[in-house]
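Protein chains in written order, with my numbering: chain A, 42 to 334; chain B, 905 to 1256.
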């Protein structure tokens, strides 16, 4: 593994318009990650500024998971620099990243379905009251805060004692995000928060992301769903096979262009041609004949 | 997730008022055990043959004593089960604790208190070992503690016979400090013409402490988290391994407590003490609505599970039924409980 620190530029790569002179909350410069001889990420540069939604798009195997793990402290970059609010960092655990204000919400490992909303919200950071032998979990405070935090984001809970499993998938993601915000996250890394959600539920989550942006948080929104990313995103970074296609502001790319870059362009065109064939009645007749009907 | 979910966000808390209190009760984990205990009490109280004996003060005291001895074990067993693990080794820990105490106090002539302290350390060490192996290897606790169950029982029998040439030790009542130990662990409290063993107070005390711990403390929240989803709990900073090891030490400590109560009550002990208790404790916990896969359950439920056991055990005697039927009834109760609890949990989760 080579160290290339000498080659790291001393200013953010790809500064968006109007952000000159500002310090990004989170800044990766020419980051690579190797696992033995496998190159999972190669020369990727992304950053996110306060009050901005940066969408990280890519198909399966594009390197999104590796990039998340670098951002949240599970992996360390093999090469390149990682800066948080202008200071170079080298996280060795997710806890350290969390303490630095980087809150990660994992797709399916965020919540415990049989536990109540309030208990989930404070799991691992329970507020306590009383002196040692009688020190107890301050459930009233937990209930109050959970209710308030959810209300801030426009979700009114019926009952903070209801199990998380009774919430809709979208509401569950919102609880997880609200928790990260409450515990001091300045940057939210959302790993596929809308995957496996219906249209309505996804809109609940997207609305929530917009709320977080309005509160001045930086959001890294990882997804492979352009329909969800395009309306909410300010900038888009497209990953393909471990490399970045670059970062684009919304003014620079259309929905269709993002889609095309993600799929690697020509693959989608081939598919379109193939699909056209099926619309031809002669082809359908031929297929039916071949299968013996 | 049904498509009808996720209505428009702005709504008031008025929906809280719609929850029916009866339905709310039945979505609690202990609902099945409490209803079951009432039903069984009614059966023995209304059946003409058992009525007089079962309803008498002595009859009540007798089933409470049986329930207490199992209930003491069921409290930490329930906590451990909510934490996602089993402990099958407690039966043999009861045996070894009694033997360690009795051998130190009668063969070597120690005061009974230091002997009890050493026995407690032995129990805690076995609990810690169970927990350590389980969290380190990720093996099912069922298998790990089944192994320690056999090892500890075998060790107890073999060592006792090697040292004393017997499998029973008596004369504990002659040991120094016996009177004060008996006062704490084996006192008979006279109430209205009958006597209640102090073990009932230990049981009630443990249920209160266990419930408080589970429902009202940070550690309790960790128990739910660890059992519900250890990965998610670890992600948010819960010390998953530590929680599990402590819970295994608690089940072992409860085995020590029961062993001490029995040894001081009978003035002696037997290498086979506590045989099969691990199964009865698990039955009580499961009847009490504790989910075998963890993350859901209740200490109060486990207490009612133990009460059901006590009532069946003594009730069939008063009803003039052969005691051989106890196991059949208990097995049937377990099966019914598992089915009922499954429905309750579906209700809690789905609200249907």
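Built from N, CA and C at the ideal position, the CB exists for glycine as well.
Small disclaimer: the values here were computed from a predicted structure and weren't measured.
Contact set between the stretch 1129-1163 of chain B and chain A, restricted to residues whose Cβ is under 8 Å from the partner: Listed by position along the chain: 1129, 1132, 1133, 1135, 1136, 1137, 1139, 1140, 1141 and 1142.
Identified DSSP bridge partners for residue 1269(B): Outside the shown range of chain B, which is 905 to 1256, sits residue 1269(B), and nothing can be said about it.
Taking the runs of the alpha helix (DSSP H) that are 4 residues or longer, which of them lie wholly in the stretch 101-143 of chain A? List check, alpha helix (DSSP H) in window: 105-112 and 135-140.
Between residue 279(A) and the rest of its own chain, which residues show a CB-CB distance below 6 Å, the 5 nearest in sequence each way excluded? Within the first chain, residue 279(A) is the residue found at index 238, counting from 1. Closer than 6 Å at the Cβ level, and outside the excluded window around residue 279(A), lie 98, 286, 302 and 303.
Output the residue ranges of the alpha helix (DSSP H) runs that lie fully inside the stretch 980-1020 of chain B and measure 4 residues or longer, sorted by chain position. Along the length of the stretch 980-1020 of chain B, whole alpha helix (DSSP H) runs at least 4 residues long occupy 994-1006, reported in chain order.
Opposing strand residues paired with residue 88(A) [DSSP bridges]: Counted from its first residue, the first chain places residue 88(A) at position 47. 68(A), per the DSSP bridge assignment.
Tell me whether residue 1055(B) is buried or exposed, calling it buried when 16 or more other Cβ atoms sit within 10 Å of its Cβ. Residue numbering aside, residue 1055(B) sits at position 151 when the second chain is read from its first letter. Residue environment: residue 1055(B) is assigned as exposed (fewer than 16 neighbouring CB atoms within 10 Å of its CB, all protein chains considered).
Bridge partners - residue 207(A), DSSP secondary structure assignment: In the first chain, the residue the question calls residue 207(A) occupies position 166. Beta-bridge partners assigned by DSSP to residue 207(A): none are found.
Any idea what DSSP makes of residue 95(A), helix, strand or coil? For the purposes of this step, residue 95(A) is identified with residue 54 of the first chain, where counting begins at 1. Residue 95(A) falls in the strand class under three-state DSSP.
Straight-line CA distance for residue 331(A) to residue 316(A)? Translated into the one-based positions of the first chain, residue 331(A) becomes position 290. Translated into the one-based positions of the first chain, residue 316(A) becomes position 275. Distance between the alpha carbons of residue 331(A) and residue 316(A) is about 18 Å.
Which residues in the same chain have their Cβ closer than 6 Å to the Cβ of residue 53(A), if we skip the five residues on either side of it in sequence? One-based indexing of the first chain puts residue 53(A) at position 12. Result list for residue 53(A): 65, 68 and 88, in chain order.
Is there contact here, the stretch 1032-1052 of chain B with the stretch 1195-1206 of chain B, by at least three beta-carbon pairs under 8 Å? These segments do not touch.
How would you write the range of the alpha helix (DSSP H) that residue 930(B) sits in, first residue to last? Within the second chain, numbered from 1, the residue matching residue 930(B) stands at position 26. Where residue 930(B) is concerned, the enclosing alpha helix (DSSP H) stretches over 925-930.
Rounded straight-line distance, which links the Cα of residue 926(B) to that of residue 228(A): The count along the first chain starts at 1 and reaches residue 228(A) at position 187. The count along the second chain starts at 1 and reaches residue 926(B) at position 22. Going from the Cα of residue 228(A) to the Cα of residue 926(B) covers about 45 Å.
Measuring straight from C-alpha to C-alpha, what distance separates residue 989(B) and residue 243(A)? The residue you call residue 989(B) lines up with position 85 of the second chain. The residue you call residue 243(A) lines up with position 202 of the first chain. Taken atom to atom, the span from the alpha-carbon of residue 989(B) to that of residue 243(A) is near 36 Å.
Three-state secondary structure (DSSP) at residue 81(A)? Here the question's residue 81(A) lines up with position 40 in the first chain. Of the three classes helix, strand and coil, the one that applies to residue 81(A) here is strand, per DSSP.
Every unbroken alpha helix (DSSP H) within the stretch 1131-1217 of chain B, with a cutoff of 4 residues, ordered by chain: If only uninterrupted alpha helix (DSSP H) runs of at least 4 residues are considered, those enclosed by the stretch 1131-1217 of chain B are 1134-1139, 1144-1170 and 1181-1191.
Between the alpha carbons of residue 1237(B) and residue 262(A), how many angstroms are there, rounded? Along the second chain, one-based indexing puts residue 1237(B) at 333. Along the first chain, one-based indexing puts residue 262(A) at 221. Spanning the two alpha carbons is a distance of roughly 51 Å.
Counting only beta-carbon separations shorter than 8 Å, does residue 1199(B) have a partner in chain A? The residue labelled residue 1199(B) in the question sits at position 295 within the second chain. At least one chain A Cβ lies under 8 Å of residue 1199(B).
Residue 1106(B) burial status per 10 Å Cβ neighbour count (16 or more: buried): In the second chain, residue 1106(B) corresponds to position 202, counting from 1. Residue 1106(B) should be labelled buried.
How far does the alpha helix (DSSP H) with residue 229(A) in it extend, from its first residue to its last? Numbered from 1 along the first chain, position 188 holds the residue referred to as residue 229(A). It is not in any alpha helix (DSSP H) - residue 229(A) instead sits in the beta strand (DSSP E) that spans 228-232.
At the 8 Å Cβ level, is residue 1125(B) part of the contact set with chain A, yes or no? Here residue 1125(B) refers to the residue found at position 221 of the second chain. For residue 1125(B), at least one C-beta of chain A is nearer than 8 Å to its own C-beta.
With 8 Å as the threshold, decide whether the Cβ of residue 142(A) is near any Cβ in chain B. In the first chain, the residue the question calls residue 142(A) occupies position 101. Taking Cβ atoms only, chain B never reaches closer than 8 Å to residue 142(A), which makes this a no.
I'd like the span of the beta strand (DSSP E) that includes residue 946(B), first residue to last. Working through the second chain from its first residue, we reach residue 946(B) at position 42. Segment 935-950 is the alpha helix (DSSP H) holding residue 946(B); no beta strand (DSSP E) there.
For residue 259(A), which residues does DSSP report across the bridge? Start at 1 with the first residue of the first chain, and residue 259(A) comes out as number 218. In the DSSP output, where bridge partners are listed per residue, residue 259(A) has 93(A) and 228(A).
Within chain A, the residues that residue 1120(B) reaches when beta carbons sit closer than 9 Å: To locate residue 1120(B), count along the second chain from 1; it is residue 216. Within chain A, the residues near residue 1120(B) are 177, 178 and 180.
Residue 1090(B) to residue 1017(B) span [Cα, whole Å]: Mapped onto the second chain, residue 1090(B) falls at position 186. Mapped onto the second chain, residue 1017(B) falls at position 113. Distance between the alpha carbons of residue 1090(B) and residue 1017(B) is about 14 Å.
For the putative contact between residue 992(B) and residue 1157(B), defined by C-beta atoms under 8 Å, what is the C-beta separation to the nearest angstrom? For the purposes of this step, residue 992(B) is taken as the residue at position 88 of the second chain. For the purposes of this step, residue 1157(B) is taken as the residue at position 253 of the second chain. For residue 992(B) against residue 1157(B), the beta-carbon gap comes to about 16 Å, at or over 8 Å, which does not count as contact.
Would you please verify whether the beta carbon of residue 910(B) is less than 8 Å from any beta carbon of chain A? The count along the second chain starts at 1 and reaches residue 910(B) at position 6. Summary for residue 910(B): the model assigns pLDDT 42, below 50, so the residue's position carries little reliability; its value from the coordinates is reported in the next sentence. For residue 910(B), the answer is yes, since a Cβ of chain A falls inside 8 Å of its Cβ.
On a CA-only basis, which of 1004(B), 1092(B), 1084(B) and 1138(B) is nearest residue 135(A)? Give me that one, please. Working through the first chain from its first residue, we reach residue 135(A) at position 94. In terms of Cα proximity to residue 135(A), the closest of 1004(B), 1092(B), 1084(B) and 1138(B) is 1138(B).
Where does residue 908(B) sit, in a helix, a strand or coil, going by DSSP? Mapped onto the second chain, residue 908(B) falls at position 4. Because the pLDDT of residue 908(B) is 43, which lies under 50, any placement of that residue in the model is unreliable, and the number read from its coordinates should be weighed accordingly. Reduced to three states, the DSSP call for residue 908(B) is coil.
Consult DSSP for residue 1088(B) and reduce its assignment to one of helix, strand or coil. In the second chain, counting from the first residue as 1, residue 1088(B) sits at position 184. Reduced to three states, the DSSP call for residue 1088(B) is helix.
Neighbouring residues, chain B, relative to residue 164(A) (Cβ below 7 Å): Taking the first residue of the first chain as 1, we reach residue 164(A) at position 123. Within chain B, the residues near residue 164(A) are 1125, 1129, 1137, 1140 and 1142.
Could you check where the alpha helix (DSSP H) with residue 1071(B) kicks off and where it finishes? Indexing the second chain from 1 puts residue 1071(B) at position 167. Where residue 1071(B) is concerned, there is no enclosing alpha helix (DSSP H), given that its DSSP letter is neither H nor E.
Which listed residue (1216(B), 1231(B) and 1228(B)) has its alpha carbon closest to that of residue 870(B): As shown, chain B starts at 905 and ends at 1256. That puts residue 870(B) outside it, with no answer to give.
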